[in-house]
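*Asks:* Mapping the sequence shown onto UniProt numbering, position 132 (from 1) lands on 132, and the numbers just tick up by one. Here it is, the structure, as structure tokens.
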Amino acid sequence: MISLGQKIRELRVQKGLTQQELGAGIVTISMISQIESDKAYPSHKVLEQVAERLETPIEYFIADMQTQMEQTSTYKLAKAYLAANNFEQAIPLFRELIGNPAPHLPVHEVQFDLAEAFMVCGDIEKAVEMFEQVLDTVIRKNDDHTALLCLNKLGEARFGQENFPLALYHWRKAYETFSRLKEIDPYTRARIVTNLAHAHYRLGEYEDGIRFYREAYNLLRGSTNLRQLADVYLGLGVSYKKLRDFSRAIDYCHDALTIYESLQNIKQAIDVKANFALVEAEQGRIEKAIDLLHECLAEYRKLEIPSDDAKIHGEIAKLYVKAGKLQQAEAFCQESLFLLPDNAQNLAAIYHALAVVKREQSDLAAAVDWFERTIATLTEQEQLRELRLVYQELADLYEAQNDYVKATDTLRRMHVILDETLRKIGIMG
Numbered sequence: 001m002i003s004l005g006q007k008i009r010e011l012r013v014q015k016g017l018t019q020q021e022l023g024a025g026i027v028t029i030s031m032i033s034q035i036e037s038d039k040a041y042p043s044h045k046v047l048e049q050v051a052e053r054l055e056t057p058i059e060y061f062i063a064d065m066q067t068q069m070e071q072t073s074t075y076k077l078a079k080a081y082l083a084a085n086n087f088e089q090a091i092p093l094f095r096e097l098i099g100n101p102a103p104h105l106p107v108h109e110v111q112f113d114l115a116e117a118f119m120v121c122g123d124i125e126k127a128v129e130m131f132e133q134v135l136d137t138v139i140r141k142n143d144d145h146t147a148l149l150c151l152n153k154l155g156e157a158r159f160g161q162e163n164f165p166l167a168l169y170h171w172r173k174a175y176e177t178f179s180r181l182k183e184i185d186p187y188t189r190a191r192i193v194t195n196l197a198h199a200h201y202r203l204g205e206y207e208d209g210i211r212f213y214r215e216a217y218n219l220l221r222g223s224t225n226l227r228q229l230a231d232v233y234l235g236l237g238v239s240y241k242k243l244r245d246f247s248r249a250i251d252y253c254h255d256a257l258t259i260y261e262s263l264q265n266i267k268q269a270i271d272v273k274a275n276f277a278l279v280e281a282e283q284g285r286i287e288k289a290i291d292l293l294h295e296c297l298a299e300y301r302k303l304e305i306p307s308d309d310a311k312i313h314g315e316i317a318k319l320y321v322k323a324g325k326l327q328q329a330e331a332f333c334q335e336s337l338f339l340l341p342d343n344a345q346n347l348a349a350i351y352h353a354l355a356v357v358k359r360e361q362s363d364l365a366a367a368v369d370w371f372e373r374t375i376a377t378l379t380e381q382e383q384l385r386e387l388r389l390v391y392q393e394l395a396d397l398y399e400a401q402n403d404y405v406k407a408t409d410t411l412r413r414m415h416v417i418l419d420e421t422l423r424k425i426g427i428m429g
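Given below as structure tokens:
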């Protein structure tokens with residue numbers, strides 16, 4: 001079955017249109033690219049406009065889009081369950097997707113996720129079996145990048161079982177794969193080289209360990225990937241300790257400790273910058289605030305510092321809406337939903353921004369859907385103040401359509417949920 005994105009791409013090429021020409025006045029070129037690669041799904045209104053520009057009845061796309069959205073929703077739900085360590089729910093969903101393959105979800109990618117689920121829940125042998133299946137598939141496809149990731153995971157699985165010789169074998173194979181890859185980011189390379197060093201260390205081969213730790217250090221030198229660099233320093237420190245070179249051991253262990261301590265300070269500095277951006281927004285400098293928040297996101301990712309990405313994504317989305325940049329708001333929200341896990345906190349802000357965008361675009365059915373998603377998320381998180389405001393907005397939307405029955409029912413639902421939540425937390429008897 002051909003996917004929605006493939007259909008759009010094939011028709012665009014047949015019509016001699018570029019991605020920019022297809023999306024002009026509808027969505028950004030980035031969004032068209034994501035739609036064609038099945039990483040994002042157009043709203044009904046956007047699909048209507050795309051179909052019109054491609055001179056094709058919308059019915060040609062709708063059935064495929066519905067199927068793809070259902071499969072993608074299942075996939076995202078499975079990954080969310082996995083992130084929450086709910087393996088009983090995640091594993092059957094991954095298996096369902098493997099049993100009913102979809103063009104936009106390659107089977108080996110779902111198998112890779114299933115293998116990770118087995119690995120995280122401690123079923124190492126099943127994880128190894130699945131990773132080996134994926135490895136066989138991607139080797140036949142000459143997909144060296146995924147093969148590299150599989151070999152690394154196989155090494156980690158065996159290392160966790162303290163089967164250090166087999167872990168070393170897999171990591172050496174991964175190391176050999178480097179030569180066949182034209183492009184590989186230095187951090188992935190450094191992680192595998194560091195793993196090789198760990199394996200040599202655990203086998204008592206300290207000089208070989210130091211050699212690979214130094215190679216990893218050279219890959220990371222000058223980078224901002226401080227956490228990985230600290231791990232390398234620590235590896236060098238304990239290796240030199242084993243070789244009784246205590247002077248070097250002390251120096252490297254001290255450097256590792258300094259970085260571990262500084263990482264917390266760096267996070268605090270970026271957090272301050274994010275709060276400063278919100279102050280700028282309150283003073284009307286919205287463009288500057290958006291730029292600062294984008295910088296914060298980039299710095300968190302660059303430094304691999306744990307952060308609440310969803311909160312910053314939500315603030316950026318709200319600022320785009322506040323600035324009246326609805327097209328940018330929608331594109332940013334769709335990209336955010338693709339990047340963030342379904343169980344991330346603060347997703348309600350992104351849902352709410354999409355609801356407002358759809359309302360302003362007069363796509364009322366989509367607006368209602370996003371308002372309901374916002375309400376469901378806020379209810380689950382017991383955010384009463386925000387919940388009341390969103391219910392009121394939804395009621396106002398129905399009232400603007402002269403649908404007073406639904407408006408009244410929405411307000412009734414609001415009072416029921418608020419009363420139940422207040423009782424739950426002991427404020428009402």
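Glycine included, every Cβ here is placed at the ideal spot set by N, Cα and C.
1. What are the boundary residues of the alpha helix (DSSP H) that includes Phe338?
2. What three-state label does DSSP hand Leu168 in the structure shown?
3. Taking the straight line between their C-alpha atoms, what separation do you get for Thr56 and Gly314?
4. Span of the alpha helix (DSSP H) holding Leu203?
5. Counting only the same chain and skipping the five closest in sequence on each side, list residues whose C-beta sits under 6 Å from that of Ile91.
6. For Gly429, collect the residues of the same chain with a Cβ closer than 7 Å to its Cβ; drop the 5 residues on either side in sequence, then sort them by chain order.
7. Output needed for Gln161: all residues of its chain with C-beta closer than 7 Å, excluding positions within five of it in sequence on either side, in chain order.
8. Could you give the DSSP three-state label for residue 446: helix, strand or coil?
9. When the Cα atoms are used, what is the spatial distance from Asn142 to Asp136?
10. Note the first and the last residue of the continuous alpha helix (DSSP H) segment covering Ser239.
11. Between Ala51 and the rest of its own chain, which residues show a CB-CB distance below 8 Å, the 5 nearest in sequence each way excluded?
12. Taking 8 Å as the threshold, find out whether the segment 253–261 comes into contact with the segment 284–294 through three or more Cβ pairs.
13. Please state the DSSP three-state secondary structure of Leu17.
14. Taking the CB atoms as reference points, tell me whether Ile98 and Leu114 lie closer together than 8 Å.
15. In angstroms with no decimal places, state the Cα-to-Cα distance between Gly235 and Leu226.
16. Would you decide whether Ala216 is buried or exposed? Buried here means 16 or more other CB atoms lie within 10 Å of its CB.
17. Can you check which of these residues, Gly222, Trp171 and Arg221, is closest to His200 by C-alpha distance?
18. Using a Cβ-Cβ cutoff of less than 8 Å, which residues in the same chain neighbour Thr177 once the five nearest sequence positions on both sides are dropped?
19. Name the two residues that bound the continuous alpha helix (DSSP H) containing Gln392.
20. For Ala366 versus His44, is the C-beta distance shorter than 8 Å?
21. Is it buried or exposed, Ile250, if we count other Cβ atoms within 10 angstroms and call 16 or more buried?
22. From the DSSP output, in three-state form, read off Leu54 for me.
23. Starting from Lys39 and walking both ways along the alpha helix (DSSP H), at which residues does that stretch end?
24. With DSSP as the reference, label Thr74 as helix, strand or coil.
25. Measure the alpha-carbon distance for Ala84 versus Asp245 and round it to whole angstroms.
26. Any idea what DSSP makes of Glu162, helix, strand or coil?
27. According to the neighbour-count rule (16 or more other Cβ atoms, all chains shown, within 10 Å of its Cβ), is Gln228 buried or exposed?
28. Hey, how far is the Cα of Gln392 from the Cα of Thr410?
29. Taking only the alpha-carbon atoms, compute the straight-line gap between Leu168 and Phe94 and give it to the nearest angstrom.
30. DSSP state of Met428, grouped into three classes?
31. Is Glu88 buried or exposed, if buried means 16 or more other CB atoms sit within 10 Å of its CB?
32. According to the neighbour-count rule (16 or more other Cβ atoms, all chains shown, within 10 Å of its Cβ), is Ala329 buried or exposed?
33. I need the boundaries of the alpha helix (DSSP H) containing Cys253, first residue and last residue.
34. Please list the terminal residues of the continuous alpha helix (DSSP H) segment that includes Lys141.
*Replies:* Straight from the coordinates:
1. Element bounds for Phe338: Leu326 to Leu339.
2. Of the three classes helix, strand and coil, the one that applies to Leu168 here is helix, per DSSP.
3. Their Cα atoms are separated by approximately 35 Å.
4. Here Leu203 belongs to no alpha helix (DSSP H), and DSSP marks it neither H nor E.
5. If you ignore the 5 residues before and after Ile91, its C-beta comes within less than 6 Å of the C-beta of Ala117, all in its own chain and listed in chain order.
6. For Gly429, the pLDDT reaches just 48, beneath the cut-off of 50, and the residue's location in the model is therefore unreliable, although a value from the coordinates is still provided. Excluding positions up to five away in sequence, the list is empty.
7. Taken in chain order, the residues that qualify are Ile124.
8. The structure shown does not extend to residue 446, since the chain is modelled only from 1 through 429, so no value can be given for it.
9. Computed Cα separation, rounded: 10 Å.
10. Ser239: member of the alpha helix (DSSP H) spanning Leu226 to Lys242, first to last residue.
11. Only Pro57, Ile58, Tyr60 and Phe61 meet the Cβ criterion.
12. These segments do not touch.
13. Per DSSP, reduced to three states, the secondary structure at Leu17 is coil, with no helix or strand assignment.
14. Contact: yes.
15. Taken atom to atom, the span from the alpha-carbon of Gly235 to that of Leu226 is near 14 Å.
16. Burial call: buried.
17. Its Cα nearest to that of His200, the residue Trp171 stands out among Gly222, Trp171 and Arg221.
18. The beta carbon of Thr177 is closer than 8 Å to those of Asp144, Ala147, Leu148 and Leu151 in its chain, skipping five residues each way along the sequence.
19. For Gln392, the uninterrupted alpha helix (DSSP H) run begins and ends at Leu384 to Ala400, by DSSP.
20. It is a contact, given that the beta carbons lie within the stated cut-off.
21. Answer is exposed; the Cβ neighbour count stays below 16.
22. In the three-state reduction of the DSSP assignment, Leu54 falls in the coil class, being assigned neither a helical nor a strand state.
23. Lys39: not part of any alpha helix (DSSP H); DSSP gives it neither H nor E.
24. Note: Thr74 maps to helix in three-state DSSP.
25. Ala84 and Asp245: Cα-Cα distance of roughly 44 Å.
26. Under the three-state reduction of DSSP output, Glu162 falls in the coil class, being neither helix nor strand.
27. With 16 or more other Cβ atoms within 10 Å, it is buried.
28. Using only the alpha carbons, I get a separation of about 8 Å.
29. Their Cα atoms are separated by approximately 29 Å.
30. The pLDDT assigned to Met428 is 46, lower than 50, so where the model puts this residue is not dependable; a value taken from the coordinates is nonetheless given after this. Residue state, collapsed to three classes: coil.
31. By the neighbour-count rule (16 or more Cβ atoms within 10 Å), Glu88 is not buried but exposed.
32. Buried is the call here.
33. Judged by DSSP secondary structure, Cys253 falls within the alpha helix (DSSP H) whose first and last residues are Phe246 to Glu282.
34. For Lys141, there is no enclosing alpha helix (DSSP H), as DSSP gives it neither H nor E.
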